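**Q**
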């Protein structure tokens with residue numbers, strides 16, 4: 039199994055990073071993080087869709103680009119690193135559900151960005167209560183687990199908006215309702231497992247961004263006449279952040295490659311990737327904020343916003359206890 043990125047994968051990373059820096063820099067869409075009711079730019083989201091971001095991993099027979107999960111992970115890593123607003127994860131998953139269910143028109147509408155999708159996560163495995171990410175801008179909602187994935191109409195669900203931790207990811211709570219618009223069993227397409235890997239890739243990108251922000255600040259912030267990065271305690275924090283970020287994305291790559299190759303145990307690798315990347319994003323956030331000092335606790339700073347995003351995405355698809363139960367079933 040070759041875990042080194044290919045030239046094509048490196049090109050995907052470079053292209054996405056360049057676009058985000060030019061068209062969606064984190065500092066340019068600060069209002070969606072801190073202003074209640076601020077609108078996310080739907081035209082810009084459709085522009086990303088036109089670039090093939092929602093269809094990158096969709097098979098060519100469904101009108102997609104035809105790359106594998108590993109290439110999609112490269113894309114989502116940059117989305118996490120760049121704090122990109124918008125429902126990219128549910129869009130990718132919803133398109134797969136529609137495509138594999140045989141609804142080509144709906145799949146095309148989703149990958150074009152004209153129909154947006156939200157992501158529902160059940161609070162526990164034995165309840166119908168759900169938290170829905172990106173609910174405000176979506177007309178459909180995708181819900182998935184280890185057995186299947188399905189699309190519902192937002193209009194038929196009993197959902198109420200709540201105050202989000204991260205204003206760029208609108209959240210609603212309630213219950214799903216109405217008839218299933220499209221569904222697919224996991225043995226036909228493991229939508230849930232793919233979602234775990236892509237969410238983990240976003241979290242790995244967040245962990246990397248926090249490491250970069252912390253290291254950069256440690257180089258320029260001075261105390262007692264020298265950069266704080268000269269202090270051994272700061273060096274250790276930076277080193278720990280780098281190790282966590284590298285470990286998180288390495289596990290993401292391993293899980294993605296395992297699924298693409300049909301290796302035995304790819305589901306467990308995906309669960310581990312999500313669990314580890316969630317931890318890396320959270321712990322790197324704590325370290326980066328501490329390195330930044332008081333300014334790191336302000337809403338204007340990128341470390342603070344990355345902390346919000348990390349906490350939000352940690353609850354996407356499966357909450358922490360559910361991940362642990364999937365890895366080590368309770369007696």
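Residue numbers (the numbering used here): 39 to 369.
Glycine included, each C-beta is placed from N, C-alpha and C at the ideal position.
Just so you know, these numbers come straight off a predicted model, no measurement behind them.
1) Jot down the residue ranges of each uninterrupted alpha helix (DSSP H) in the region 86 to 169, minimum 4 residues, whole runs only, in chain order.
2) Based on DSSP bridge pairs, tell me the residues matched to residue 182.
3) Give me the Cβ distance between residue 171 and residue 157, rounded to the nearest whole Å; I'm assuming they're in contact under 8 Å.
4) What is the DSSP secondary structure of residue 357, counted as helix, strand or coil?
5) Please state whether the Cβ-Cβ distance between residue 327 and residue 342 is less than 8 Å.
6) Give me the Cα-Cα distance between residue 315 and residue 154, rounded to the nearest whole angstrom.
7) Thinking C-beta only, is residue 133 closer than 8 Å to residue 291?
8) Give the secondary structure of residue 229 by DSSP, where H, G and I count as helix, E and B as strand, and everything else as coil.
9) Please state whether DSSP places residue 203 in a helix, a strand or coil.
10) With DSSP as the reference, label residue 222 as helix, strand or coil.
11) Distance check for residue 111 and residue 294, CA to CA, integer angstroms please.
12) Might you give, ordered along the chain, the residues of its own chain that have their beta carbon closer than 7 Å to the beta carbon of residue 194, omitting 5 neighbours on each side?
13) Starting from the Cα of residue 15, find the closest Cα among 203, 191, 235 and give me that residue.
14) Express the C-alpha separation of residue 367 and residue 105 in angstroms, rounding to a whole number.
15) With DSSP as the reference, label residue 320 as helix, strand or coil.
16) Out of curiosity, what's the CA-to-CA distance linking residue 296 and residue 311?
17) Count Cβ pairs between the region 195 to 202 and the region 262 to 275 that sit closer than 8 Å; are there 3 or more?
18) So what's residue 341 in DSSP terms, helix, strand or just coil?
19) Among the residues of its own chain, which have a CB less than 7 Å from the CB of residue 51, if the five just before and after it don't count?
20) Please list the terminal residues of the continuous beta strand (DSSP E) segment that includes residue 51.
21) Contact between the region 328 to 347 and the region 245 to 256 is defined here as three or more beta-carbon pairs at a separation below 8 Å; is this criterion met?
22) State the start and end residues of the unbroken alpha helix (DSSP H) segment that holds residue 294.
23) Can you look up residue 208 in the DSSP assignment and give me helix, strand or coil?
24) Can you tell me whether DSSP reads residue 197 as helix, strand or coil?
25) Give me the DSSP bridge partner(s) of residue 265.
26) Assuming contact is defined by CB atoms lying nearer than 8 Å, are residue 350 and residue 202 in contact in what I supplied?
27) Give me the Cα-Cα distance between residue 319 and residue 248, rounded to the nearest whole angstrom.
28) Here's the rule I'm using: 16 or more other beta-carbon atoms within 10 Å means buried, otherwise exposed. How should residue 359 be labelled?
29) Just verifying my parser: in three-state terms, what is the DSSP assignment at residue 350?
30) Please name the residue in 205, 208, 288, 324 whose C-alpha comes closest to that of residue 239.
31) Taking the C-alpha atoms as reference points, what is the distance between residue 205 and residue 286?
32) Would you kindly check if the distance between the Cβ of residue 246 and the Cβ of residue 223 is under 8 Å?
**A** Taking the definition as stated:
1) 107 to 119, 126 to 138, 142 to 149
2) 187
3) Correct: roughly 5 Å between the Cβ atoms.
4) Look at residue 357 here: in three-state DSSP terms it is coil, with no helix or strand label.
5) yes
6) Between the alpha carbons of residue 315 and residue 154 lies a distance of about 26 Å.
7) no
8) helix
9) coil
10) Reduced to three states, the DSSP call for residue 222 is strand.
11) One Cα belongs to residue 294, the other to residue 111, and the distance between them is close to 7 Å.
12) 215, 216
13) This structure gives no information on residue 15, because the portion of the chain shown stretches from 39 to 369.
14) 34 Å
15) helix
16) A straight-line Cα-Cα distance of about 12 Å links residue 296 and residue 311.
17) no
18) Shown here, residue 341 sits in a helix according to DSSP, grouped into three states.
19) 112, 116
20) No beta strand (DSSP E) holds residue 51; the alpha helix (DSSP H) holding it covers 45 to 61.
21) yes
22) 270 to 298
23) coil
24) strand
25) 260
26) Pairing residue 350 with residue 202 gives a Cβ-Cβ distance under 8 Å.
27) 8 Å
28) Exposed: under 16 other Cβ atoms inside 10 Å.
29) Helix, per DSSP.
30) 288
31) For residue 205 and residue 286, the distance between alpha carbons rounds to 25 Å.
32) no
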